[in-house]
Amino acid sequence: MRWRWLVSDLDGTLVDRAQRIADRDAAALARFREAGGAVLLATGRSEASALPYHRRLALDTPLIVYNGARIVGPDGTVLYARELGAAWPALRDELVPRLPVGVGAVGFAGGTAHVLRPGPGLAEYARANGIALTDASPQPPVTKLMLVATAPAELAGLEGRVAEIDGTLGLVRSEPTYLEVLPAGVDKGSALRHLAERSGVPLVRVAAIGDNPNDLPLLAAAGFGAAVGDGDPVARRAADAVVGPCGTALADLVELLLAEPSAAGAPPVGDATAGGG
């Protein structure tokens, strides 16, 4: 088979708003593996949040977490890590105490989510991600700072304030009310390139799928990038192809990938349309 890897985003792509994987998608991923391919997950979630889905699919592959800041094995062993490093003290001492009312802050260190500043959106954030929050202060190295609001307007101007501290830090809006602060040069695409090189897998033999702007580097790095049909318009425009909505997207993509190799450049099955790049 032409495709060695299929790399999937989680939220809005493989996992729906109720935190479920559709049976049809799970069965399709099993067919892809039976055909000789491997399935990998790439997510902004922490390993504690993402590994249950990895186990649900009985995967034995590495897992890209924190939007590319870390790669872990199926047992949670850290294989690759980037940290906030020297920028962390200023983020903790200058940014977090001056956040707008209503914005909570969580720092991730050692796979644990530490509450740096309480906020009304944190309980729902923890529930949606299936993680526990601790009030203990994180000990460096810190992987990611997550800012959680209850409305997008509460995050206005925070990108600029982060840039004043360190203009090289990565900033990701994985949801309208989330702002993630990441180490410099980190994204899902850079993590995929690192993992593919380490594993000896040519990127031209990797397919990827996502639904949000934070998936754009992943889609660009892969040999073939697909977008979820009900995903962000930015992702749909950037993809090589657009498949069905969350709940059928993986099944549609697998059908396409398992077809004749020439089909990978054509519009996918069903009502999907070709993307723009």
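Residue numbering for the sequence shown is -14 to 262, as defined by my numbering.
Even for Gly, the Cβ is constructed at its ideal location relative to N, Cα and C.
Remember, it's a predicted structure, so these values are computed and weren't measured experimentally.
With a CB to CB cut of under 7 Å and the five nearest residues on each side skipped, what residues in its chain are close to residue i?
i: A72; result: I150, D151 and L154
i: A121; result: H99
i: T41; result: Reading off the sequence, residue 41 comes out as Arg, not Thr. Once the five neighbours on either side are set aside, the close Cβ partners of R41 are I6.
i: V81; result: A90, L101 and R102
Classify residue i as buried or exposed, calling it buried when 16 or more other Cβ atoms lie within 10 Å of its own Cβ.
i: G104; result: buried
i: V239; result: buried
i: T233; result: buried
i: A211; result: buried
i: R67; result: buried
Comparing the C-beta of residue i with each C-beta of chain C, is any distance below 8 Å?
i: C231; result: Protein chain content of the structure displayed is limited to a single chain, and chain C is not contained in it.
With DSSP as the reference, please indicate the residues paired to residue i in a beta bridge.
i: Y267; result: What is shown of the chain runs -14 to 262, which leaves residue 267 out entirely.
i: V91; result: V100 and M131
i: L210; result: For the sequence presented, residue 210 should be read as Gly rather than Leu. Beta-bridge pairing links G210 to A193.
i: D(-4); result: V0
Can you list, in chain order, the residues of its chain whose CB lies under 8 Å from that of residue i, leaving out five sequence neighbours each side?
i: G96; result: S31, E32, A33 and G61
i: L243; result: M(-14), R16, F17 and A20
i: S159; result: D(-4), G29, N52, E165, N197 and N199
Can you give me the C-alpha to C-alpha distance between residue i and residue j, rounded to a whole angstrom?
i: G185; j: L25; result: 15 Å
i: T128; j: A226; result: 33 Å
i: L130; j: L140; result: 14 Å
i: G174; j: L48; result: 13 Å
i: A(-9); j: G170; result: The question names Ala, but residue -9 in the sequence shown is Leu. Computed Cα separation, rounded: 23 Å.
i: L180; j: G22; result: 16 Å
i: L132; j: V189; result: 35 Å
i: A11; j: Y38; result: 10 Å
i: F93; j: E79; result: 18 Å
i: A207; j: L44; result: 20 Å
Residues in the same chain with beta-carbon distance under 6 Å from residue i, minus the five sequence neighbours each way, listed in chain order, please.
i: A249; result: Bear in mind that a pLDDT of 49 at A249, under 50, signals an unreliable position, so the model cannot answer this.
i: V213; result: T(-2), D196, C231 and A234
Task: Validate contact between the stretch 197 to 205 and the stretch 217 to 235 using beta carbons, cut 8 Å, 3 pairs - done: Output reads yes: the stretch 217 to 235 touches the stretch 197 to 205.
TODO: Determine, using beta-carbon pairs with one atom in the stretch 50 to 58 and one in the stretch 110 to 117, whether at least three such pairs fall under 8 Å.
DONE: Fewer than three pairs of CB atoms, one per stretch, sit closer than 8 Å, so the stretch 50 to 58 makes no contact with the stretch 110 to 117.
Open item on the list: I'd like to know if the stretch 145 to 153 and the stretch 85 to 99 are in contact, where contact means that at least 3 CB-CB pairs between them fall below 8 Å.
Closed with: Touching, no.
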